[in-house]
């Protein structure tokens with residue numbers, strides 16, 4: 071049977087074998103945890119502790135500011151030793167609470183267990199905001215917002231994203247194998263909040279063991295496990311919706327405009343923990359991988375752990391690193407310091423060696439059309455990049471530059487090694503500014 | 049054959065007559081002054097006057113909205129020509145040129161990271177504030193080169209922008225293209241400048257640049273009139289710059305230079 075998918079896309083080497091068979095290992099606590107107040111899309115949380123204060127694990131240390139924001143919690147018990155700007159994955163220092171762990175791992179007393187069956191959808195949404203639940207696939211969009219569609223946009227499909235199409239990353243894969251029951255429970259809570267009957271768990275068919283495991287666990291539930299062919303970016307929200315439902319999210323609109331909500335498997339597991347046990351999001355699975363680290367593995371990491379500590383836990387660097395990337399190689403962010411902490415969106419830490427990095431000088435566009443062929447949104451990356459070079463802001467907008475999801479397929483494919491995504495990102499910024507002014 | 053010639057000729061005749069009448073009837077009256085001004089302008093459409101191009105400026109001058117001394121590429125000659133057309137007296141602006149106030153090339157200034165992306169300073173600046181540790185240093189990716197209509201800017205092998213003072217007309221387009229304000233306008237007659245754009249404290253500057261201003265104020269002690277030091281950065285006071293050259297030899301960081309007469313190395 072032909073598996074459903076989306077048009078375009080690429081097949082980069084997936085490099086998942088190094089960590090896919092290794093069980094998740096709990097990472098010991100570092101000497102200090104750096105917990106940034108901005109770990110999600112939206113307004114940064116407001117710090118609610120003072121220097122010298124003792125905090126318990128799961129105690130709120132940052133309060134949500136406004137609707138599009140979530141609370142931040144202490145990842146372990148200990149003392150707040152500083153509240154200051156520290157290196158952040160975005161590349162500049164941002165306000166963070168620095169905690170020195172006391173080693174007790176003492177949970178906050180006020181955390182309560184809840185029964186999702188006794189709570190209304192609104193109560194559950196509020197609970198998720200308070201527990202700091204965000205999309206753990208990497209985008210870190212506050213989950214309670216995604217679960218609050220306006221009344222005029224009915225949701226009829228809940229898609230759970232277990233695709234993990236980024237090369238190298240295996241955190242979601244391991245999570246499905248080891249904590250499948252928690253994921254299923256989280257999915258059922260999600261379907262209750264949204265009141266949908268059609269629930270699909272999508273998994274790429276390079277994870278056959280995960281498909282088997284999840285099929286068994288979902289046997290008596292309305293959840294349907296749907297294998298998808300291996301192709302990047304199969305796990306991107308809009309591409310996943312197209313593959314599963316056959317619907318395209320209209321240009322400039324949101325998934326809810328075509329009746330779909332997508333949530334990552336990691337988010338589902340975090341939701342189950344947050345609701346059943348009352349424990350907020352204070353740790354996540356991060357894949358530490360690449361030929362630049364001695365023993366790549368999947369770690370269960372407390373939020374705020376510096377990258378240097380992760381690398382130490384994985385046997386250190388094997389060589390002088392050429393590039394250190396947070397997330398996967400396609401959409402991850404390159405880092406320039408190992409003092410940067412793991413935040414809620416840190417799905418992976420990839421260390422590449424010098425010889426693995428392409429430093430070819432970009433050549434002229436030869437109009438081969440490869441970028442157009444692989445673009446999952448049906449854009450013309452080369453034309454938009456040309457508009458960017460010539461500063462044709464309005465023209466680029468007519469080519470729908472704003473619909474670019476920055477998946478990197480065009481840059482990956484370009485035989486002239488042009489930095490197409492960066493050009494498009496530039497012109498997207500210019501278009502947004504132009505729209506604000508006019 | 050004959051029919052075709054007659055037919056096309058006829059169409060041509062009718063069209064020509066119609067166009068002739070239309071040209072007379074819908075003729076736009078142009079102020080003869082405006083036409084004369086436009087002819088006197090250099091016609092480079094650089095936008096330095098604030099108008100989109102030379103014709104816009106010509107109209108603005110003819111209507112009296114803008115002064116006739118706002119065309120830097122034209123300089124003294126154009127200003128005088130415009131003044132003659134308008135029949136007024138105008139003070140000629142002192143010619144100014146752009147100066148790149150940074151000497152921290154790849155060999156002297158530290159980099160935060162190795163940048164491999166788009167050859168564009170504005171794009172690089174968005175990635176963690178640019179690859180240079182110094183917040184004000186020249187990134188050397190050539191956004192100013194592309195903005196310059198006169199080919200007056202080049203980039204050295206160490207990734208620093210260099211201005212050809214003879215070609216620079218002072219149109220200020222490079223200032224608009226630079227994301228770090230590493231170019232300033234200065235009177236062409238003055239050649240001594242403090243070539244640094246970092247307002248960080250001296251200790252900070254020393255960490256990332258071997259040739260940056262540390263705000264030690266030695267220059268100000270030598271020539272109090274000619275220098276001002278603000279937020280740990282010295283600047284030549286261009287209205288009283290007579291003694292500025294005295295401090296060149298004394299600057300401990302070697303960031304005061306006579307850019308018209310570079311030291312023999």
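Chains as they are written, first to last, in this note's numbering: chain A, 71 to 508; chain B, 49 to 313. Glycine included, each C-beta is placed from N, C-alpha and C at the ideal position.
Residue interval of the alpha helix (DSSP H) (run including residue i)
i, result
"residue 129(B)", "123-134"
"residue 172(B)", "169-174"
"residue 493(A)", "490-507"
"residue 38(B)", "With chain B running from 49 to 313 in the structure shown, residue 38(B) is simply not present."
"residue 238(A)", "Note, residue 238(A): premise wrong, no alpha helix (DSSP H); not H, not E."
"residue 144(B)", "Taken as a continuous stretch (DSSP letters only), residue 144(B) belongs to no alpha helix (DSSP H), being part of the beta strand (DSSP E) at 144-148."
"residue 127(A)", "Where residue 127(A) is concerned, there is no enclosing alpha helix (DSSP H), given that its DSSP letter is neither H nor E."
Distance between residue j and residue i (C-alpha atoms, nearest Å)
i, j, result
"residue 221(B)", "residue 96(B)", "7 Å"
"residue 238(A)", "residue 380(A)", "16 Å"
"residue 274(A)", "residue 336(A)", "15 Å"
"residue 240(B)", "residue 357(A)", "56 Å"
"residue 314(B)", "residue 274(B)", "Outside the shown range of chain B (49 to 313) lies residue 314(B), about which nothing can therefore be said."
"residue 198(A)", "residue 276(A)", "32 Å"
"residue 455(A)", "residue 206(B)", "27 Å"
"residue 76(A)", "residue 244(A)", "25 Å"
"residue 491(A)", "residue 175(B)", "13 Å"
"residue 167(B)", "residue 377(A)", "30 Å"
"residue 108(B)", "residue 114(B)", "5 Å"
"residue 129(A)", "residue 194(A)", "19 Å"
"residue 183(A)", "residue 245(B)", "57 Å"
"residue 250(B)", "residue 104(A)", "29 Å"
"residue 483(A)", "residue 90(B)", "46 Å"
"residue 258(B)", "residue 242(B)", "14 Å"
"residue 444(A)", "residue 485(A)", "13 Å"
"residue 463(A)", "residue 495(A)", "12 Å"
"residue 141(A)", "residue 132(A)", "5 Å"
"residue 92(B)", "residue 154(B)", "34 Å"
"residue 73(A)", "residue 301(A)", "11 Å"
"residue 299(A)", "residue 313(A)", "10 Å"
"residue 505(A)", "residue 467(A)", "10 Å"
"residue 363(A)", "residue 421(A)", "6 Å"
Extent of the continuous beta strand (DSSP E) run through residue i
i, result
"residue 420(A)", "418-423"
"residue 379(A)", "No beta strand (DSSP E) contains residue 379(A), which is instead part of the alpha helix (DSSP H) from 377-383."
"residue 241(B)", "240-242"
"residue 103(A)", "103-106"
"residue 154(A)", "148-156"
"residue 210(B)", "209-211"
"residue 277(B)", "275-278"
"residue 232(A)", "227-232"
"residue 306(B)", "304-306"
Backbone secondary structure at residue i - three-state DSSP
i, result
"residue 255(B)", "helix"
"residue 286(B)", "coil"
"residue 58(B)", "helix"
"residue 248(A)", "helix"
"residue 310(A)", "helix"
"residue 178(A)", "coil"
"residue 302(A)", "strand"
"residue 393(A)", "strand"
"residue 231(B)", "strand"
"residue 214(A)", "helix"
"residue 199(A)", "helix"
"residue 254(A)", "helix"
"residue 296(B)", "coil"
Partner residues on chain C for residue i, Cβ-Cβ distance less than 8 Å
i, result
"residue 304(A)", "Of the chains in the structure shown, none is chain C; the protein chains are A and B."
Closest by C-alpha distance to residue i, when choosing among the options
i, options, result
"residue 458(A)", "500(A), 234(A) and 438(A)", "500(A)"
"residue 139(B)", "123(B), 154(B), 151(B) and 66(B)", "123(B)"
"residue 510(A)", "389(A), 373(A) and 346(A)", "Examination of residue 510(A) is not possible in this model, given that chain A is present from 71 through 508 alone."
"residue 256(B)", "161(B), 219(B) and 294(B)", "161(B)"
"residue 217(B)", "52(B), 126(B) and 178(B)", "126(B)"
"residue 185(B)", "158(B), 201(B) and 198(B)", "158(B)"
"residue 111(B)", "61(B), 143(B), 134(B) and 129(B)", "134(B)"
"residue 260(A)", "373(A), 468(A), 192(A) and 173(A)", "192(A)"
"residue 98(A)", "213(A), 173(A) and 137(A)", "173(A)"
Open item on the list: Across the stretch 101-117 of chain A and the stretch 76-90 of chain A, are there enough close Cβ pairs to call them in contact, namely three or more that are closer than 8 Å?
Closed with: no
Open item on the list: With a threshold of 8 Å, are at least 3 pairs of Cβ atoms found where one atom belongs to the stretch 226-233 of chain B and the other to the stretch 144-159 of chain B?
Closed with: At 8 Å Cβ cutoff, the stretches touch.
Task: Any 3 or more C-beta pairs closer than 8 Å across the stretch 280-295 of chain A and the stretch 311-321 of chain A - done: no
Open item on the list: Contact between the stretch 120-129 of chain A and the stretch 141-161 of chain A is defined here as three or more beta-carbon pairs at a separation below 8 Å; is this criterion met?
Closed with: The answer is yes - the stretch 141-161 of chain A touches the stretch 120-129 of chain A, with three or more Cβ pairs under 8 Å.
TODO: Determine, using beta-carbon pairs with one atom in the stretch 78-85 of chain A and one in the stretch 339-350 of chain A, whether at least three such pairs fall under 8 Å.
DONE: Taking 8 Å as the limit for Cβ pairs, the verdict is that the stretch 339-350 of chain A does not touch the stretch 78-85 of chain A.
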